[in-house]
Amino acid sequence: MAVVSTIRNRAKEADQVCADAVDVARKALIDDAGVTSDAIGEHLGVEPVADRVVMHLFGCADRAYAGWRWAVTVTRAPRSKLVTVDESVLLPGPDALLAPAWVPWHDRLRPGDVGIGDLLPASLDDERLVPFAVLDGDDAVTDWFLPWTDTENEQAGPAEPSELPAPGRSRVLSSFGRDDTAERWYESDHGPRTPLSHAAPANCVTCGFFVPLSGGLGRVFGACGNAFAPDDGRVVSADHGCGAHSEAVLTGAAVHAAVPVIDEFGYDLVDLPGVSVEETVFEPLSRDSYPEES
1 MAVVSTIRNR AKEADQVCAD AVDVARKALI DDAGVTSDAI GEHLGVEPVA
51 DRVVMHLFGC ADRAYAGWRW AVTVTRAPRS KLVTVDESVL LPGPDALLAP
101 AWVPWHDRLR PGDVGIGDLL PASLDDERLV PFAVLDGDDA VTDWFLPWTD
151 TENEQAGPAE PSELPAPGRS RVLSSFGRDD TAERWYESDH GPRTPLSHAA
201 PANCVTCGFF VPLSGGLGRV FGACGNAFAP DDGRVVSADH GCGAHSEAVL
251 TGAAVHAAVP VIDEFGYDLV DLPGVSVEET VFEPLSRDSY PEES
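First residue of the sequence shown? That's 1 in the UniProt record's numbering, and the numbers climb one at a time after it.
Structure follows, in C-alpha cells:
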C-alpha cells in the first residue's frame, strides 16, 4: 500500500471525470491493495487534489480501524477519458482512534522514573551544571527567600561557600541549578506551605534534629534526623516544621487513673482438667450458710 503525500496542491473543484470513477477506485482497493470487499464501506465523497487529480474516500468496515477511511487517488491525462489509479492508503478520519503524539524521551521523564540499574547521564550543555569552581560568598540562592525572623536567621549561621572542593567532581550546580533546586524543594511537601508545617509548634531551624546542608543551600535547607518525624532523612526547609520538634512540650489536662472496682460476689464458671462444672457443688453465699458462733 502506497504512502500518501502530506503536501498537496489543492484544486478548487474536482475533475468530474475522475469524480465519477467510483467503481475504478473501489476495484483498485480490492485488486491492487488486497482489501477484502467486506472491509470497504460506503463511498463518502471525493476531495480535489490537483488538476485532474481526485481522492475518493470510502468508509472502513474493519472493526480494528473504526473511524478510518480508505483513500484512493485517481487521475487522467489531459483530453483523455481514461482514469488511472495513483495510490491507495488508509487514513484516519475525524473520529479515528490515534496513538498519542510522540514525545522525546527527555521530555517524558518524571521524578522517580530512574530505577535500579537505569542510567540517566546529564548532557554536556545541561544548564543546571557548570565546570567546577569555588564560589565564595555566593548567596544567590537566598535572594528570593524571605528570612523567617532576625533571631532565627542568626541561628542559621553565616553564609558558607556554595561549593567546597571535592575530588572527582568536574561539574557542580550552576546558579540556575541551585535556584531551580531550591524552589522545587521549597514548594514541595517539605517546605513551609503545608498543613503539617502550619500545625507545628515551631520551625525546623530551632529543632535539635535539624542538620543544615553545607554551602549556600544550607542557609535555607537541612536534613531531618528525627527517626519519628514524617520527614526523617529528607531535605526540609528551615521554616518547615512538624509535631516531632525537639523542643515541643505536650500540654493538656492530666489523666487521672480510675479507682479499681473489685467484685467479690460475681464469679465465672471455668472447666478444669478432671473437673466438670456439672459436678461442682454450689453452696449458697448467704450469712445463714455459715455456722453460728458459740
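Think of the CB as a built atom: it goes at the ideal place given N, C-alpha and C, for glycine as much as any other residue.
Check	Outcome
Please go through the same chain and pick out, in chain order, the residues whose beta-carbon is closer than 6 Å to the beta-carbon of residue 228, but skip the five residues on each side of it.	244
Please report how far the alpha carbon of residue 17 lies from the alpha carbon of residue 70, in whole angstroms.	20 Å
Identify whether residue 155 lies in helix, strand or coil by the three-state DSSP scheme.	Confidence in residue 155 is poor, its pLDDT being 45 and thus under 50, which makes the residue's placement unreliable; the coordinate value appears in the next sentence. Three-state DSSP puts residue 155 in a helix.
With DSSP as the reference, label residue 182 as helix, strand or coil.	helix
With DSSP collapsed to three states, give me the class of residue 195.	helix
Tell me residue 223's beta-bridge partners as DSSP assigns them.	211 and 235
Do residue 29 and residue 40 come within 7 Å of each other at the CB atom, strictly closer than that value?	yes
Under the three-state reduction of DSSP, which class applies to residue 20: helix, strand or coil?	coil
Kindly indicate which residue of 27, 81, 99 and 208 has the alpha-carbon position closest to the one of residue 248.	208
Measure the C-alpha to C-alpha separation of residue 188 and residue 197 and round it to an integer number of angstroms.	12 Å
Enumerate in chain order the residues of its own chain whose CB-to-CB distance from residue 120 is below 6 Å, with the five nearest sequence positions on each side excluded.	114
Leaving out the 5 sequence neighbours to the left and right, which residues in its chain are closer than 6 Å to residue 15 when beta-carbon positions are compared?	52 and 54
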